[in-house]
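In this note's numbering, the protein residues as written are 447 to 866.
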């Protein structure tokens, strides 16, 4: 009888740690926003936002599907050190291969495309975000549900490197130092977390076989497609906006999307905590799984509805505090994007549900359909309505994704309960 309260307590504790961890990851751009806009204008902020958006897209490529597949494999094999070591080495090797390929592609694009080569220093220094992300084995800690150390580590180092930016950046000649120190805020924690994981879990480094790597890529393929698609109708939209408009408009849109994205990511970390827990529930009791999935879905919806209403009311004050001025475009965009905020965490939870039920192909089906709808809406609405069209596209795409997710989940639930 005591295990259930202890389990609930652990879930709550892990959720809080993961939310704090994600907050630390997202606090840097929010704290730097007014500083960058004041020092380098909205165009400078737009340039950094564009470079960061590209690197975040590459992060998704390097993460592949490992943030779900590797986490799940770790979670269900915690009592087998040999398997843990194999999963660790196979996943890290696969990520480093993707890092090498994307680094070459990224460097080629930066130096061959004139619009990028003019600011090649900013783009190259920003790539440190990708390197740090690859080094940081967050999926390993998630599988073991061990969040305390990495949370404290990130908070301390993020504070150090953020404060350093305020100290060392004094004029326009110091602009390059901003992406440099932001990248260090990813690379240093990644190195420390990797070394700590090696010692704590008695890991040894070795090169996995070609078959092991191939199986790892195959296992994560559907999740990879899903992540690419999801990112294309969230963060990558800012890249499309840059081609339809200019870096000034991108800057105003980035102000709104950064704030909405930060809130969504922090709350979305609840899904990361729930994933290994729900995976175990599915393995042991499938009827209970659907009850808990419904309960968590309702709770998430209510939480995001409250947050959305708060943003609708307080958006002028949020924009003013973070940018130092009252910009009507950013305020309006934030209010539109906050409508999508209600749906984004639910989409993540439902995607994880397909993975838990080993229905990876459904992840691909849903996300390909969603991506197609996203591209159609972007190319229809953005040329006509600019940043407003982009914001409405984000909301409509999220709405479409939830509807199609619920359709497939209801079919899976019916089939599962009939069998059980």
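Even for Gly, the Cβ is constructed at its ideal location relative to N, Cα and C.
C-alpha of residue 850 to C-alpha of residue 812: approximately 7 Å in a straight line. If one requires a minimum length of 4 residues, the alpha helix (DSSP H) runs lying completely within the stretch 595-673 are 623-646, in chain order. In the three-state reduction of the DSSP assignment, residue 522 falls in the coil class. Around the C-beta of residue 566, fewer than 16 other C-beta atoms lie within 10 Å, and the residue is accordingly described as exposed. The shortest C-alpha to C-alpha distance from residue 487 to any of 803, 698, 782 is the one to 698.
Taking a contact to require three or more Cβ pairs closer than 8 Å, the stretch 504-515 and the stretch 637-649 do not qualify as touching. Classified as buried, residue 632 has 16 or more neighbouring CB atoms from the shown chains inside 10 Å of its CB. In the three-state reduction of the DSSP assignment, residue 534 falls in the helix class, which pools H, G and I. Around the beta-carbon of residue 807, fewer than 16 other beta-carbon atoms lie within 10 Å, marking it exposed. Within the model, the alpha-carbon separation for residue 745 versus residue 737 is close to 12 Å.
Taken through DSSP and simplified to helix, strand or coil, residue 797 comes out as helix.
When DSSP states are grouped into helix, strand and coil, residue 731 belongs to the coil group. Between residue 476 and residue 655, the alpha-carbon positions lie close to 43 Å from each other. Scanning its chain for C-beta atoms nearer than 6 Å, with the 5 sequence neighbours on each side dropped, one finds around residue 511 the residues 666, 669, 670, in chain order. Rounded to whole angstroms, the separation of the alpha carbons of residue 495 and residue 517 is 30 Å.
In this structure, residue 501 and residue 572 form a Cβ contact; the two beta carbons are roughly 5 Å apart against a cut-off of 8 Å. Residue 551 sits exposed, since fewer than 16 C-beta atoms from the chains shown fall within 10 Å of its C-beta.
When DSSP states are grouped into helix, strand and coil, residue 485 belongs to the helix group. A straight line joining the alpha-carbon of residue 625 with that of residue 861 spans about 50 Å. Taking the Cα positions, residue 830 is about 29 Å away from residue 768. The closest CA to that of residue 739, considering only 492, 797, 810, is found on 797. Per DSSP, reduced to three states, the secondary structure at residue 591 is coil, with no helix or strand assignment. In the three-state scheme derived from DSSP, where H, G and I count as helix and E and B as strand, residue 788 is classed as coil.
Residue 493 and residue 693 have their alpha carbons spaced roughly 6 Å apart.
DSSP places residue 565 in the coil class of the three-state scheme, outside both helix and strand.
Under the criterion of beta carbons closer than 8 Å, residue 782 and residue 838 qualify as touching, at roughly 6 Å.
When the beta-carbon positions are compared, residue 688 and residue 696 come within less than 8 Å of each other.
A residue is called buried when at least 16 other Cβ atoms come within 10 angstroms of its Cβ; residue 735 meets this threshold and is buried. Taken atom to atom, the span from the alpha-carbon of residue 792 to that of residue 786 is near 11 Å. With a cut-off of 8 Å on Cβ pairs, the stretch 542-557 is in contact with the stretch 574-583, counting three or more such pairs. Bounds of any alpha helix (DSSP H) do not take in residue 773, whose DSSP letter is neither H nor E. Distance between residue 843 and residue 852, taken at the CA atoms: about 14 Å. With a threshold of 16 other beta carbon atoms within 10 Å, residue 683 meets it and is buried. Bounds of the alpha helix (DSSP H) holding residue 831 are 806-831.
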